[in-house]
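> Protein sequences appear in the order of chains A and B.
Just so you know, we're using our numbering here: the first sequence kicks off at 1 and counts up by one.
Just so you know, we're using our numbering here: the second sequence kicks off at 1 and counts up by one.
Glycine is no exception: its CB is placed at the ideal position from the N, C-alpha and C atoms.
The model shown is predicted, which means the values in this text are computed figures rather than measured ones.
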Amino acid sequence: MADFKQQIPDQPIRPAREDDFELLQMGVDLKDAKFDTPPIGFFKDAMLRLARNKAAVAALVLILLISFMAIFGPMMTPYTFDQQFVDYLNMPPKIPFLASLGIADGSRVLTNRRVDGLNDTEKYPEGCILEITNEHEVNGVMMADVKVDYYAYTGCEETFWFGSDYLGRDLWARLWRGARVSLFIAIVSVVTNMIIGVVYGSIAGYYGGKVDMVLMRICEIIQSFPRVVVVTLFIMFFGTGIFSIVMSLLISGWIQTARLVRAQFYRFKGREYVLAARTMGVPDRSIIFRHILPNSLGPIITTMMMAVPQAIFTESFLAYIGLGLQAPEPSIGVLLSEGQKVLLNFPYQSLFPGIVISLLMISFNLFGNGLRDAMDPTLRGV
Amino acid sequence: MIKYIAQRVLALLITLFIILTIAFLVIRLMPGSIYDSNEMLSADMVKILEDKYHLNDPLLVQYRYFLEDILLHWDWGTSVAVQPRVPVWEVLASKIPITLQLNFVSLLISLPIGILAGIFAAIYQNTKVDYTISFFVVVFISVPSFIFATVLQYFLAYKLGWFPIIYNATATGAAKYLSMILPITALSFSPIARVTRYLRGELIENLSSEYMLLARTKGLTRLQATVRHSMRNSFVPLANIIIPMFTNILTGSLVVEQIFSVAGVGGLLVESINSSDHTLTIAILIFYSMISLLTILIVDLSYGIIDPRVRIGGGSNG
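#1: Quick one: residues in its chain with C-beta nearer than 6 Å to the C-beta of glycine 77(B), no 5 flanking neighbours on either side, listed in chain order?
#2: So, does the CB of threonine 232(A) fall closer than 7 Å to a CB anywhere in chain B?
#3: Considering only C-alpha positions, which residue in the set Pro294(A), Ser363(A), Gly270(A), Gly241(A) is nearest to alanine 319(A)?
#4: Which residues, in order along the region 144-158 of chain B, keep a beta-carbon less than 8 Å from a beta-carbon of chain A?
#5: So within the region 186-268 of chain A, which uninterrupted alpha helix (DSSP H) runs reach at least 4 residues, ignoring any that extend past its ends?
#6: Indicate whether proline 74(A) and glycine 163(A) have their beta-carbon atoms separated by less than 7 Å.
#7: Give the DSSP bridge partners of arginine 108(A), in chain order.
#8: Would you mind stating whether tyrosine 266(A) and glycine 354(A) have Cβ atoms separated by less than 7 Å?
#9: Quick one: what does DSSP say threonine 133(A) is sitting in, helix, strand or coil?
#10: Taking 7 Å as the threshold (C-beta atoms), are valine 190(A) and valine 308(A) in contact?
#11: What residue does the alpha helix (DSSP H) around histidine 291(A) start on, and which one ends it?
#12: Does phenylalanine 355(A) get closer than 7 Å to chain B when you measure Cβ to Cβ?
#13: Any beta-carbon of chain B closer than 7 Å to the one on glycine 163(A)?
#14: Using 7 Å as the limit for Cβ to Cβ distance, is valine 228(A) near chain B?
#15: Go through its chain and collect everything with a Cβ distance to isoleucine 284(B)'s Cβ below 8 Å, but skip five positions before and after it.
#16: Where does serine 94(B) land, buried or exposed, given buried means 16+ other C-beta within 10 angstroms?
#17: Taking the beta carbon of proline 283(A) as the centre, do at least 16 other beta carbons fall within 10 Å, making it buried, or is it exposed?
#18: Per the contact definition of three or more C-beta pairs closer than 8 Å, is the region 199-215 of chain B in contact with the region 116-131 of chain B?
#19: In or out: glycine 41(A) buried (at least 16 other Cβ within 10 Å) or exposed?
#20: Mind checking if serine 94(B) is an interface residue toward chain A, Cβ cutoff 7 Å exclusive?
#21: Where does valine 262(B) fall in DSSP's three states?
#22: Return the CA-CA distance between valine 86(B) and tyrosine 124(B), expressed in angstroms with no decimal places.
#23: Please name the residue in Ile255(A), Ser286(A), Ser202(A), Val148(A) whose C-alpha comes closest to that of threonine 133(A).
#24: May I have the straight-line CA-CA distance separating proline 330(A) from isoleucine 48(B), to the nearest angstrom?
#25: Given 8 Å as the limit, is there contact between the region 46-66 of chain A and the region 153-162 of chain A, that is, 3 or more CB pairs closer than that?
#26: Can you give me the C-alpha to C-alpha distance between methionine 143(A) and histidine 136(A), rounded to a whole angstrom?
#27: Below 8 Å on C-beta distance, what does asparagine 365(A) contact in chain B?
#28: Along the region 285-298 of chain B, where does the CB come closer than 7 Å to a CB of chain A? Name the residues.
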């Protein structure tokens, strides 16, 4: 690793000095210095460059962290995503570890309560009142805002780390379950898009001519369908659900990959090594997939990374306008749209899914940018 | 040039026709009759109604009626659920202005801000200014507009009370514009970031090009060379990303309209889908398609004007 860093000089190369050179006689056997370091291939090179990009590494760590939570998060609480506690609706978040710091301690401010009723232990169980503020008089009655430990106030024995929603469901379990659904939709659609795009683009690029023209015209037409329209038609026909969302992402998502692969094929199909392979009777299939396609792996991976946030966005966007998954299945978009309805009273219900989706989108974009810079340094900063 | 325009317009019409056909097929191939849900109707009544609207005719005949009504009479049918017995086109026409207002204004606002930020980032390349701007660009591009809308609504409107929480449709004058500020702001973040990123890239490329060196050698100051040569060249291709951005904003505005209760096309689309008002849904879909296709057409044509080579190639199939 250290040797590699010396190969890309950070400082300008110093001018040659006299002792860099050595006088030799004619008969001496002259050879280049043997490289002691292992050879560095394209991908290793790219990975090394990626590792130096701090933002991309941080983004990757975040992506892995969120994926980890999406897989194991729901198992960390005893509650399931669809379990309802009908007595404990809209509970505030309570995280035992952080409670002593005053964050997420399960407290809530109840406004305009009668001061003389505060000692009633039936209404306010012992020890639940944390703070009394804003005492004022209304029509001769003393009123105040009371900050209570809401869990003690309602006699709730459970602990909802991220609170509970309007049906009394644990938001921690729902959030990570939702992240899982969102990531699942993104990954399925992106991988499928890549496969379709690679095959389509390879055929168009390799055969060229009339085939290419027809295939590209089809692309042009499909590409000009607005996404809203495609999604709506799918939802009207198949109803809401994962299938409609994934399918609508598939309709036009592969075109970008196809164009990219096609361009790479145009660049490489005239090269001598392809001609040599063809002369030796290698079938088209092998030339396409074994000889030319590996050249475009870098851009394909980058495009895939960039397509993930797009898919996540589309999913949550649909959920937001009420065309998402069927209840009770959560996704980040579903949680956001449920949170939006009670935003002014219970903002924490929008806060956590909002943070997760923002981090996820930013991370994927940063990581995609990092990958692009690493794979093709000439594009840096564009 | 005329041939090129004709080609692009023809492509637009073909695409529109395909969308129209698919929309028609989707509606007609859906199982069940649209009168199924209404239990007040007897079987005879359903039969009469279905005959009246030619619902029992062969598909091709229905398709002919469908096209004839739209193309010859501009008759998109009547709404069944959202606003019963009102012509679909009237329902839609009443919602279009506010949606277009929001979108146009947010595009207009984001242009100068994005351009300024882009110029700053490019001129102060690889300095703290550039890094700060680039950081915000990534955040603004990544975070969905509805998150911004939610944050703005909670903090600026609810906590601070600077703006109305939802859009005020009945107010006039200043109050109306005040309630439009938040939705417009929420919609503007992403276009600002896109313009900035694009302009920064273009300008950096132009700043390091050879004609800049020539301009400096001729004796122009750095400022003169940048303003007269680099910027001019960077602005030209900007048109090609601004126009398609309109479709993006329109999509984003679907959600932002919901959040701020703007009675626009977005809410109408959702409402029509949820209440199975298919004629209305089709009309809205065609509206969205028209806008998106028109933007593509404008881009194609402006390509032709900016770069004459495109015309000879007969289309932007590069």
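In brief:
#1: Excluding sequence positions up to five before and after glycine 77(B), its CB lies within less than 6 Å of the CB of Val88, Thr279, all in the same chain and listed in chain order.
#2: Yes, because at least one Cβ of chain B sits closer than 7 Å to the Cβ of threonine 232(A).
#3: If you compare the alpha carbons of Pro294(A), Ser363(A), Gly270(A), Gly241(A) with that of alanine 319(A), the shortest gap goes to Gly241(A).
#4: Answer set for the region 144-158 of chain B: Pro144, Phe146, Ile147, Thr150, Val151, Gln153, Tyr154, Tyr158.
#5: Given a length threshold of 4 residues, each whole run of the alpha helix (DSSP H) inside the region 186-268 of chain A is given here in chain order: 209-223, 227-238, 242-268.
#6: For the pair proline 74(A) and glycine 163(A), the CB atoms are not nearer than the 7 Å cut-off.
#7: DSSP output for arginine 108(A) lists Val148(A) as bridge partner(s).
#8: Between tyrosine 266(A) and glycine 354(A), the gap from beta carbon to beta carbon reaches 7 Å or more.
#9: Residue state for threonine 133(A) is assigned as strand, using DSSP reduced to three classes.
#10: In contact: valine 308(A) and valine 190(A) (Cβ atoms closer than 7 Å).
#11: Where histidine 291(A) is concerned, there is no enclosing alpha helix (DSSP H), given that its DSSP letter is neither H nor E.
#12: What sits at residue 355(A) in the sequence shown is isoleucine, not phenylalanine. False, the Cβ-Cβ gap to chain B never drops below 7 Å.
#13: False, the Cβ-Cβ gap to chain B never drops below 7 Å.
#14: Between valine 228(A) and chain B, the shortest Cβ-Cβ separation is below 7 Å.
#15: Here isoleucine 284(B) has Leu92, Val265, Leu268, Leu269, Ser272 as same chain residues with Cβ atoms under 8 Å from its own Cβ, once five neighbours each way along the sequence are excluded.
#16: Serine 94(B) is exposed by the Cβ-count criterion.
#17: By the 10 Å Cβ count, proline 283(A) comes out exposed.
#18: As far as the Cβ criterion goes, the region 116-131 of chain B touches the region 199-215 of chain B, which means the pair count is three or higher.
#19: Glycine 41(A) counts as exposed, since fewer than 16 other C-beta atoms from the protein chains shown sit within 10 angstroms of its C-beta.
#20: It does not; no Cβ of chain A falls within 7 Å.
#21: In the three-state reduction of the DSSP assignment, valine 262(B) falls in the coil class.
#22: One alpha carbon belongs to valine 86(B), the other to tyrosine 124(B), and they sit about 57 Å apart.
#23: Of the listed residues, the one whose Cα sits closest to threonine 133(A) is Val148(A).
#24: So the two alpha carbons sit approximately 44 Å from each other.
#25: Contact fails: fewer than three Cβ-Cβ distances are below 8 Å.
#26: Here the C-alpha atom of methionine 143(A) lies approximately 5 Å from the C-alpha atom of histidine 136(A).
#27: Neighbours of asparagine 365(A) on chain B, chain order: Val138, Ile141, Ser142.
#28: Listed by position, the residues of the region 285-298 of chain B near chain A (Cβ gap below 7 Å) are Leu285, Tyr288, Ser289, Ser292, Leu293, Ile296.
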